[in-house]
Amino acid sequence: MKPSDKHFEEALKLIPWGTQTNAKRPYPLFDETMPKFIERGKGCRIWDMEGKEYIDYRLALGPVTLGYCYDEVDNAVREQMKKGVLFSMASPMELELARLLHETVPNADMVRFMKTGEDANLCNIRIARAYTKRDMILMSGYHGYPDWFATEDSPNNGVPEFMKEYVKIIPWGNCEVAEQLIRQYNERIACVISIPYDMNEDISGTYIKHLRNLTNEYGILLVLDEVWTGFRLALGGAQQFFGVDADLASYAKAMANGYPISAYLGKRQYMQSLDRFKMTTTYAGETLSMAAAIATLGVMQREDVHRHLYAMGRRLMDGFNTMARELGIEGYAAGLPPASFLKFNTPDKDYDARLEYLWFRELFREGVFVVLRWFISFSHKESDIDESLDKAKRALTRALDAEPKERGSIEPFYW
């Protein structure tokens, strides 16, 4: 038994799942090739408990935009640590970071901070309900664990079943259902909250543009959950990338290179609702994460980070297409370059799912850490992409050899 296996057994005795995050649970079918714990990271590389090195394309589920232990960010945190982490009144840094977001993000007339993406989403829901005096929301995509976003599994997950009356779900990308629900419930709806991009092949922005038109027509607020897309698709997030004018928006993951902070922001008329009710938490003004966010956004502005993300992402996608041709695979690179994927595209979808699973299993063996989407960081260089493609081709060759022997259904990935 490896030290990490023993460690995981011990963790399960004290920690449900043995980890804090659903998507970080070890996936049983990966046959010990997927590391259960990561001890450290630097640049675009991570190391597990056994000291094995991986080129990482998961990036802590998205927050690590610049790279692990990025010197400029970590140095800013160290300097702030000398002054203090939390004070008895607000820190001047709050205004500095708010100004930076106001200058960077479309429609960021006013800004408040929290610690996680679901915090920010929940705050925007509260603002929308307070402003409109309506109770219902429509949601499209994953927005976190709070009750308002978890009615599908009610009551098994502890969410009261009556909340299903106040939350209606639009399958992401389904314009017909969106239109039907908005027309049916329009006088009861406070807002529609949606992720702007579902990390799939639809990179047009058509869906959220349609939501914007519908919500404008019926006087409903549009909340964009930019927890993943913000500061990754573009410096101004999906609003800038797709040209969509949201009323409120939520940002988190990529804004501080892994330090815990989020922001909820939007047009002044809605954000000023906060003058009329309390929505507050002690750690929202924690200064180390603010220092990290200021430094991260500063690097993005100065170094043209997004041009690099797209260049490295396109290099990876071109390599996927070349690899598929050389191995005679029905597949192609899909998605946006900062988070692309190789789509297996045969008539047999069970075969595609098996091949994808076997490929990821072998990628872990090769020392490439990826599940589903290949996230790019500023620390990924051409040599890292090329090394990854060489390993990916070897892994896929073995997966093709193994597939006939490993027929059967594949459990869905945790996500």
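Take 555 as the starting number for the sequence shown in our numbering and just add one per residue.
No residue lacks a Cβ here, since even glycine has one placed at the ideal position from N, Cα and C.
Fair warning: this is a prediction, and the values are worked out from it, not measured in the lab.
- Closest by C-alpha distance to Gly-820, out of Lys-687, Leu-655, Pro-557, Tyr-739, is Leu-655.
- Secondary structure of Val-631 (DSSP, three-state): helix.
- Beta-bridge annotation (DSSP): Cys-745 is paired with Ile-691, Leu-775.
- Boundaries cannot be given for Gly-727, as no alpha helix (DSSP H) includes it and DSSP labels it neither H nor E.
- For Val-859, the enclosing alpha helix (DSSP H) covers residues 859 to 881.
- Ranked by Cα distance from Arg-742, the first of Asn-767, Asp-707, Tyr-761, Arg-688 is Arg-688.
- In the assembly as shown, Ile-679 is a buried residue. Its beta-carbon has 16 or more other beta-carbons within 10 Å.
- Bridge partners of Ala-893 according to DSSP: Phe-929.
- Bounds of any beta strand (DSSP E) do not take in Asp-756, whose DSSP letter is neither H nor E.
- Excluding the 5 residues flanking it on each side, Ala-682 has same chain C-beta neighbours closer than 6 Å at Ala-744, Cys-745, Leu-775, in chain order.
- In the structure shown, the three-state DSSP call for Met-664 is strand.
- DSSP, reduced to helix, strand and coil, places Asp-610 within a strand of the structure shown.
- Inter-residue distance for Arg-915 and Gly-921 is about 10 Å (C-alpha atoms, whole angstroms).
- Around the beta-carbon of Phe-641, fewer than 16 other beta-carbon atoms lie within 10 Å, marking it exposed.
- Counting of Cβ neighbours within 10 angstroms places Asp-602 among the buried residues, the total reaching 16 or more.
- Note that the C-beta distance between Leu-787 and Thr-658 is not below 8 Å.
- Selection Lys-578, Tyr-622, Ile-600 evaluated against Tyr-608 yields Ile-600 as nearest (Cα-Cα).
- Between Gly-595 and Ser-816, the C-beta gap is not smaller than 8 Å, which leaves the two residues out of contact.
- By a beta-carbon distance limit of 8 Å, Phe-895 contacts Ala-888. Their separation comes to about 6 Å.
- When Ser-937, Leu-851, Asn-875, Leu-881 are compared, the shortest CA-CA separation from Leu-651 is found for Leu-851.
- Judged by DSSP secondary structure, Glu-593 falls outside any alpha helix (DSSP H) and instead within the beta strand (DSSP E) spanning 592 to 596.
- For Phe-795, the secondary structure class from DSSP, reduced to helix, strand or coil, is helix.
- Judged by their CB atoms, Gly-873 and Ile-930 are not nearer to each other than the 8 Å cut-off.
- Counting along the chain, Ala-684 sits inside the alpha helix (DSSP H) bounded by residues 671 to 686.
- DSSP places Trp-782 in the coil class of the three-state scheme, outside both helix and strand.
- Within the same chain, and ignoring the five residues on either side of Leu-613 in sequence, the residues whose Cβ sits closer than 6 Å to its Cβ are Phe-929, Ser-931.
- CA-to-CA, the gap between Phe-918 and Leu-870 works out to about 17 Å.
- Within the same chain, Cβ atoms closer than 6 Å to the Cβ of Val-665 are found at Ala-652, Leu-655, Ala-817, Leu-819, the five residues on either side in sequence being excluded.
- By the Cβ test, the segment 877 to 886 is not in contact with the segment 830 to 850, since fewer than three Cβ pairs between them sit closer than 8 Å.
- Only residues of its own chain outside the window of five on either side were considered, and among them Ile-681, Ala-682, Tyr-685, Leu-775, Asp-801, Leu-802 have a CB closer than 8 Å to the CB of Tyr-824, listed in chain order.
- At the C-beta level, Ser-558 and Glu-633 stay beyond 8 Å of one another.
- Only residues of its own chain outside the window of five on either side were considered, and among them Asp-602 have a CB closer than 6 Å to the CB of Pro-589, listed in chain order.
- The beta-carbon distance between Glu-648 and Met-844, rounded to whole angstroms, is 7 Å. This is short enough to meet the 8 Å contact definition.
- Only residues of its own chain outside the window of five on either side were considered, and among them Ile-964 have a CB closer than 6 Å to the CB of Ala-907, listed in chain order.
- With a threshold of 16 other beta carbon atoms within 10 Å, Ala-630 meets it and is buried.
- Inclusion of Asp-779 and Ser-748 in the CB contact set at 8 Å is warranted, their separation being smaller than that value.
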